[in-house]
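Start counting the sequence shown at 128; every next residue gets the next number (this note's numbering).
The beta-carbon is built from N, C-alpha and C at its ideal position, and this holds for glycine as well.
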Amino acid sequence: MQQHSVTSSIVDLPDEVLSAVVTALTSYAHGNPGDVCRLMLSCKRLKASMQTMEPFWQRQCLKQGWGEPSEADAPLTSFEYYSKRMLLRWQVRSAFRQVIPFLDYTSQAALQPGASVQQLEACQARLGTKFPWQFWEMYRFRNGQDNQLNIDFAYGGRLLSLAELSLDIAVPFSTSIGGMQSDSHGLPWLLPFTDMFSKRRQFAVDGFGRVHLIVGFTSTLKTLSCSAFLQSLLR
């Protein structure tokens with residue numbers, strides 16, 4: 128009797144079987160998104176199915192402290208939101224790592240480990256606002272520098288820690304500060320994240336994540352993001 132070998136692949140699986148496989152794989156991965164992403168590279172159909180696993184990607188976003196996509200981010204899926212935030216994390220950390228070797232030894236040693244999600248959330252609660260995505264990632268990577276003499280991060284300014292980002296140094300938008308006003312999408316403040324250096328200068332972030340240079344009672348837009356600001360320090 129002639130025997131016929133039957134070959135099959137994940138591409139040929141019925142939808143309900145593939146769904147069960149994906150559910151089992153995400154459970155087996157023990158919540159590790161890296162393992163899941165590597166599995167997604169093995170097959171386009173598997174990738175498409177895993178991208179729709181909303182509960183899994185929602186858990187990953189909550190674990191990172193990002194919460195769920197806001198109305199302004201709609202219609203991002205949880206997977207798209209997770210991917211976008213992870214890309215910004217990579218951009219910020221890559222730029223930050225490039226800056227560190229150009230700091231003097233004392234300033235490098237003064238850099239603190241990244242803030243925890245709990246520390247970031249507590250700081251946001253204290254300020255009564257949400258940090259822009261890249262600003263969150265910058266402090267998730269390094270929580271400022273020790274408060275010592277002769278510590279430099281940007282043009283002689285020291286990178287403040289989260290504990291130093293308080294309402295006392297939150298600068299409201301006004302016509303006296305660069306003529307800027309908040310709008311329906313922005314937050315009505317400038318938050319300095321370096322201490323003062325020459326001629327009362329400070330770098331500050333706004334609600335869009337743009338970086339400004341405050342000089343006295345005026346401000347100038349310097350870069351459109353924190354990663355661009357970090358890259359500007361290399362020039």
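#1: Please tell me whether residue 289 and residue 272 are closer than 9 Å, where the distance is taken between their beta carbons.
#2: Closer than 8 Å is the cut-off here; do at least three beta carbon pairs connect the segment 189-208 with the segment 219-227?
#3: Since residue 326 and residue 338 are thought to touch, with beta carbons under 8 Å apart, how far apart are those beta carbons, to the nearest angstrom?
#4: The alpha helix (DSSP H) with residue 245 in it runs from where to where?
#5: Going by other Cβ atoms of all chains shown within 10 Å of its Cβ, with 16 needed for buried, is residue 344 buried or exposed?
#6: Rounded to whole angstroms, what's the CA-CA distance from residue 162 to residue 234? Just pull it up for me.
#7: Near residue 174, what residues of its chain come up, given a Cβ to Cβ distance below 8 Å and the 5 sequence neighbours on each side ignored?
#8: I want to know whether the segment 278-286 touches the segment 240-256 - three or more CB-CB distances under 8 Å.
#9: Leaving out five residues before and five after residue 216 in sequence, what residues of the same chain have Cβ atoms less than 6 Å from its Cβ?
#10: For residue 275, which residues in the same chain have their Cβ closer than 7 Å to its Cβ, ignoring the five residues on either side in sequence?
#11: With burial defined as no fewer than 16 other Cβ atoms inside 10 Å of the residue's Cβ, what is the status of residue 351: buried or exposed?
#12: Given this structure, state the Cα-to-Cα distance separating residue 196 from residue 209, to the nearest angstrom.
#13: Could you spell out the range, first to last residue, of the beta strand (DSSP E) harbouring residue 160?
#14: In angstroms, rounded to a whole number, what distance separates the CA positions of residue 256 and residue 245?
#15: Compute the Euclidean distance between the alpha carbons of residue 359 and residue 231, then round it to the nearest angstrom.
#16: DSSP on residue 296, reduced to helix/strand/coil?
#17: When DSSP labels each residue in this structure, what does residue 212 get in the three-state scheme?
#18: Who pairs with residue 258 in a beta bridge, going by DSSP?
#19: Can you tell me the Cβ-Cβ gap for residue 225 and residue 353, rounded? I've got them flagged as a contact below 8 Å.
Taking the geometry as given:
#1: Taking 9 Å as the Cβ cut-off, residue 289 and residue 272 do not qualify as a contacting pair.
#2: The segment 219-227 and the segment 189-208 do not touch, with fewer than three beta-carbon pairs separated by less than 8 Å.
#3: About 18 Å separates the beta carbon of residue 326 from that of residue 338, a gap too long to meet the 8 Å contact definition.
#4: Taken as a continuous stretch (DSSP letters only), the alpha helix (DSSP H) holding residue 245 covers 244-254.
#5: Answer is exposed; the Cβ neighbour count stays below 16.
#6: When the Cα atoms are used, residue 162 and residue 234 turn out to be separated by approximately 36 Å.
#7: If you ignore the 5 residues before and after residue 174, its C-beta comes within less than 8 Å of the C-beta of 167, 168, all in its own chain and listed in chain order.
#8: Too few Cβ pairs lie closer than 8 Å, so no.
#9: Within the same chain, residue 216 has close Cβ partners 264.
#10: These residues qualify, in order along the chain: 237.
#11: Classification of residue 351: exposed, given that the 10 Å Cβ count is below 16.
#12: Near 9 Å, if we compare the C-alpha coordinates of residue 209 and residue 196.
#13: Where residue 160 is concerned, there is no enclosing beta strand (DSSP E), although the alpha helix (DSSP H) around it starts and stops at 160-167.
#14: Pairing residue 256 with residue 245, the inter-Cα distance amounts to about 15 Å.
#15: Rounded to whole angstroms, residue 359 to residue 231 spans 18 Å at the Cα level.
#16: Low per-residue confidence applies at residue 296: pLDDT is 47, beneath 50, and the placement is therefore not dependable, though the value from the model is reported in the following sentence. Of the three classes helix, strand and coil, the one that applies to residue 296 here is helix, per DSSP.
#17: Look at residue 212 here: in three-state DSSP terms it is helix.
#18: DSSP, once it has assigned bridges, lists no residue as partnering residue 258.
#19: For residue 225 against residue 353, the beta-carbon gap comes to about 13 Å, at or over 8 Å, which does not count as contact.
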